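Asks: Those protein sequences? They're chains A and B, same order as listed. As numbered in numbering that gives the first Met the number 0, residues 0 to 275 make up the first sequence, in order. As numbered in numbering that gives the first Met the number 0, residues 0 to 231 make up the second sequence, in order. Each residue gets a CB set at the ideal place from its N, CA and C atoms; glycine is no exception. The structure presented is a predicted model; accordingly, all values stated were derived computationally and were not measured. Below is a structure I'd like to ask you about.
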Amino acid sequence: MSTNKNSQTERRIIYLVLLIAVALPLIFPIGWKTDVSNYTKMAWDLVQSTPDSAVVLFSFDYDPSTLTEIQPMAEAMLEHSFSRNQKIIAIALWPQGVQMADQAFTEVLKKYPNKKYGVDYVNLGYKVAGIVAIQAMGKSMPEVFPTDQSGTKYEDIPMLKKVKTLKDVGYICSLSSGTPGIKEWVMAARDPLGTPVTGGTTAVSAPGLLPYVNSQKQLYGLLGGLKAASEYETLIHKIGSATIKMDAQSIAHLLILVFILIGNVKAFVTKKRSEQ
Amino acid sequence: MKYKLPLIFAFVCGILVVISEFIPHRPFNMMISTLQDWFMIISGFAILLGQISLFQANIKKIKEKNPDWVFYLAGLISFTVMLIFGLLWGTQEYRGILGNGENIQATVGMKPFDYLFENAFMPLSSTMFSLLAFFIASAAYRAFIIRSFESNLLMITAVIVMLGRTSFGGMLTSWLPEGLRFLHLPNLSDFIMEFPNSAAQRAILISAALGIIGSSLRIILGIERSYLGGEK
Chain A
0 MSTNKNSQTE
10 RRIIYLVLLI
20 AVALPLIFPI
30 GWKTDVSNYT
40 KMAWDLVQST
50 PDSAVVLFSF
60 DYDPSTLTEI
70 QPMAEAMLEH
80 SFSRNQKIIA
90 IALWPQGVQM
100 ADQAFTEVLK
110 KYPNKKYGVD
120 YVNLGYKVAG
130 IVAIQAMGKS
140 MPEVFPTDQS
150 GTKYEDIPML
160 KKVKTLKDVG
170 YICSLSSGTP
180 GIKEWVMAAR
190 DPLGTPVTGG
200 TTAVSAPGLL
210 PYVNSQKQLY
220 GLLGGLKAAS
230 EYETLIHKIG
240 SATIKMDAQS
250 IAHLLILVFI
260 LIGNVKAFVT
270 KKRSEQ
Chain B
0 MKYKLPLIFA
10 FVCGILVVIS
20 EFIPHRPFNM
30 MISTLQDWFM
40 IISGFAILLG
50 QISLFQANIK
60 KIKEKNPDWV
70 FYLAGLISFT
80 VMLIFGLLWG
90 TQEYRGILGN
100 GENIQATVGM
110 KPFDYLFENA
120 FMPLSSTMFS
130 LLAFFIASAA
140 YRAFIIRSFE
150 SNLLMITAVI
160 VMLGRTSFGG
170 MLTSWLPEGL
180 RFLHLPNLSD
190 FIMEFPNSAA
200 QRAILISAAL
210 GIIGSSLRII
220 LGIERSYLGG
230 EK
């Protein structure tokens, strides 16, 4: 009983300390800089090397639960893409991805107020069926998305005139936090059609996708978690939400390391006592 | 017939899909296009079915006064409210049955569905995910204890990766000379992720792919029948 109580008290102390440690850097940003990793640089390179005015596709395959990590990536990559004058098609393989796309555009359009819907960007909305929808888009985009979100016919959207299949887009960027997501885009778009795929995911999911960043370039780089989002912001010279939140994440990681150290010291002392 | 017909469908469709991968020409490519259309339509209905099932399961739990039935009720009410608001006044792009609800928009700044989505659903979902950080901190305190060689290895790796994933980790070893850059914490972290981690992940991916092929064959050949509802 007393062990249980001790453990509960310890847990509460950990929660409280962590809460303070995360909240303080958000209120008073420190401004630590982040080194840019190769994976982030590769994703940036793909956007950078894609010709101006190319039509590109952003797939919003996440929902609000992973908003904190992925939305800053989406905004940074959209901003980079707009800065290169690329025309953006937004779609969603997750139902709530549509709203995520809308929010990202709203944020980015503050910097690019001259970008016009239908000419510079379009939101085609959500499509069910995951990998099968991607395969179908590889054959015909208008068949999968006969209209955009507001009901305008695919053929009547100026920027989509020359985009008939996924082969016609410059690259695909999947911002995903699960299935369907990056893996499905690699399997159904990059491998059979050759369309370059890049993307971003949560820090937890990133290790599972790293094997796809290989010499066959199944995946052109990968943004994993908030750190990668802040790296991307560094590359586009932006101090965005990821850069600010990174301070809090760094402090949280350090604190967890301190907890691990304390836990080990405690285990060591307990072991010594029991031996005596 | 109840079982035979779905089994025949599964067999024919499965075989067609496999053949079309090897012979992507007429008539197989056309058949596959049709099958893809069917799949998308069926998936749409599956969402509807899921919602009906959600309703039924929750109502049953509330009726039976299961433990925590109040939470099921709260879930059901939230679901119904969002559904009704969406139907009546639509979402940002779509009109609802009653139009766009201009009066409500003038008061709250957006449509009721969007207002609830942005001000209730999004913060709640983000909070749920953020809570993970607290559990991870608490679990790390108790789990990362040096007990054996393996646990020691695990802990050292975790410490390097965690430090390498922070801005602080970069600063900590930024003084290292050019010849020792591989010991720079972010570089070490990247090395662990790129080689040992990728090797393990590849093994997992290959095993999972083999598993998927195996279970797909079992379904196509009618050995695996659990999808028909309970039968082994």
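With a threshold of 7 Å on Cβ separation, who are the neighbours of B:Leu72 within its own chain once the five nearest residues in sequence on each side are excluded?
Replies: Ile61.
Asks: Hey, out of B:Ile14, B:Leu152, B:Tyr93 and B:Ala208, whose CA is closest to B:Pro195's CA?
Replies: Out of B:Ile14, B:Leu152, B:Tyr93 and B:Ala208, B:Leu152 has the C-alpha closest to the C-alpha of B:Pro195.
Asks: Are the beta-carbon atoms of A:Ala251 and A:Leu225 separated by less than 8 Å?
Replies: Not in contact: A:Ala251 and A:Leu225 (Cβ atoms no closer than 8 Å).
Asks: Tell me, please, whether the CB atom of B:Asn196 is closer than 8 Å to any CB atom in chain A?
Replies: Cβ-Cβ to chain A under 8 Å: yes for B:Asn196.
Asks: For the beta strand (DSSP E) that contains A:Phe59, what are its first and last residues?
Replies: A:Phe59 -> beta strand (DSSP E) spans Val54 to Asp60.
Asks: So, do the segment 166–186 of chain B and the segment 180–187 of chain A have three or more beta carbon pairs nearer to each other than 8 Å?
Replies: Counting Cβ pairs under 8 Å, fewer than three are found: no touch.
Asks: Could you pull the start and end residues of the beta strand (DSSP E) that A:Thr200 belongs to?
Replies: From DSSP, the beta strand (DSSP E) with A:Thr200 extends over Val196 to Thr200.
Asks: Classify A:Leu17 as helix, strand or coil using the three-state DSSP reduction.
Replies: Looking at A:Leu17 - three-state DSSP - the assignment turns out to be helix.
Asks: Could you pull out every residue in the same chain whose Cβ sits closer than 7 Å to the Cβ of A:Lys114, ignoring the five residues on either side in sequence?
Replies: Around A:Lys114: Phe81, Leu108 and Tyr120.
Asks: Please classify B:Ala207 as buried or exposed, where buried requires at least 16 other C-beta atoms within 10 Å of its C-beta.
Replies: Under this definition B:Ala207 is an exposed residue.
Asks: Under 8 Å, do A:Ala42 and A:Tyr219 count as touching if we go by C-beta distance?
Replies: A contact, by the Cβ cut-off of 8 Å.
Asks: Which residues of chain A have a Cβ atom closer than 7 Å to the Cβ of B:Ser206, listed in chain order?
Replies: Within 7 Å Cβ-Cβ: nothing; B:Ser206 doesn't reach chain A, min ~13 Å.
Asks: Just the C-alpha distance for B:Arg217 and A:Val257, rounded to the nearest angstrom, thanks.
Replies: Looking at the two C-alpha atoms, the distance is approximately 50 Å.
Asks: Can you give me the C-alpha to C-alpha distance between B:Ile222 and B:Leu209, rounded to a whole angstrom?
Replies: Taking the straight line joining both Cα atoms gives about 17 Å.
Asks: To the nearest angstrom, how far is the alpha carbon of B:Asp189 from that of A:Arg11?
Replies: If you take the alpha carbons of B:Asp189 and A:Arg11, they lie about 33 Å apart.
Asks: Using a Cβ-Cβ cutoff of 7 Å, what residues of the segment 31–45 of chain B are near chain A? List them in chain order.
Replies: So the list reads Ser32, Gln35, Phe38, Met39, Ser42 and Gly43, given in the order they occur along the chain.
Asks: Return the residue from the list A:Phe59, A:Val127 and A:Lys86 that minimises the CA-CA distance to B:Phe244.
Replies: Outside the displayed range of chain B (0 to 231) lies residue 244 of chain B, so it cannot be described from this structure.
Asks: Tell me, please, whether the CB atom of A:Arg10 is closer than 8 Å to any CB atom in chain B?
Replies: With 8 Å as the cut-off, A:Arg10 counts as an interface residue toward chain B.
Asks: Measuring only between beta-carbons, confirm whether B:Met127 sits less than 8 Å from chain A.
Replies: So, interface residue.
Asks: Is DSSP giving A:Ile313 helix, strand or coil here?
Replies: Nothing can be reported for residue 313 of chain A, as the shown portion of chain A is limited to 0 through 275.
Asks: Counting beta carbon pairs with one atom in the segment 187–206 of chain A and one in the segment 62–74 of chain A, are three or more of them shorter than 8 Å?
Replies: In short, these stretches touch, since the Cβ pair count reaches three.
Asks: Using a beta-carbon distance below 8 Å, is B:Ser150 in contact with chain A?
Replies: It does not: the Cβ of B:Ser150 has no partner Cβ on chain A nearer than 8 Å.
Asks: Could you confirm whether any beta carbon from chain B is found closer than 8 Å to the beta carbon of A:Thr67?
Replies: By this cut-off, A:Thr67 is an interface position.
Asks: Shortest alpha-carbon distance to A:Leu253 belongs to which of B:Met192, B:Ala157 and B:Asn186?
Replies: Comparing Cα-Cα distances from A:Leu253 to each of B:Met192, B:Ala157 and B:Asn186, the minimum goes to B:Ala157.
Asks: At the level of alpha carbons, what is the spacing between A:Ala188 and A:Lys265?
Replies: If I take the Cα positions, the gap works out to 52 Å.
Asks: Check distances from the C-beta atoms of the segment 207–223 of chain A to those of chain B and list, in chain order, the residues that come in under 7 Å.
Replies: From the segment 207–223 of chain A, only Gly207, Leu209 and Pro210 have a Cβ closer than 7 Å to chain B.
Asks: Mind checking which residues open and close the beta strand (DSSP E) that includes A:Gly124?
Replies: Unbroken beta strand (DSSP E) run through A:Gly124: Tyr120 to Tyr125.
Asks: Please identify the residue among A:Lys152, A:Pro28, A:Asn3 and A:Leu56 whose C-alpha is closest to the C-alpha of A:Ser173.
Replies: Residue A:Leu56 is the option with its Cα nearest to A:Ser173.
Asks: Along chain A, which residues have their Cβ under 9 Å away from the Cβ of B:Gly169?
Replies: Trp31, Lys32, Thr33 and Asp34, listed in chain order.
Asks: Let's test the definition: count the other Cβ atoms within 10 Å of the Cβ of A:Glu74 and tell me whether it reaches 16, buried, or not, exposed.
Replies: Label assigned to A:Glu74: buried.
Asks: Which residues in chain B have a C-beta closer than 9 Å to the C-beta of A:His252? List them in chain order.
Replies: In chain order: Met161, Leu162, Arg164, Thr165, Phe167 and Gly168.
Asks: With 16 other CB atoms within 10 Å as the buried threshold, where does A:Ser58 fall?
Replies: With 16 or more other Cβ atoms within 10 Å, it is buried.
Asks: Considering only DSSP beta bridges, list what B:Gly95 is partnered with.
Replies: Looking at the DSSP assignment, B:Gly95 forms a beta bridge with B:Gly98.
Asks: Taking buried to mean at least 16 other C-beta atoms within 10 Å of its own C-beta, is A:Lys160 buried or exposed?
Replies: With fewer than 16 Cβ atoms within 10 Å of its Cβ, A:Lys160 is classed as exposed.
Asks: Return the residue from the list A:Gly96, A:Asn122, A:Asp34 and A:His236 that minimises the CA-CA distance to A:Asp60.
Replies: Answer by Cα proximity: A:Gly96.
Asks: Shorter than 8 Å from the beta carbon of B:Met154 to some beta carbon of chain A?
Replies: With 8 Å as the cut-off, B:Met154 counts as an interface residue toward chain A.
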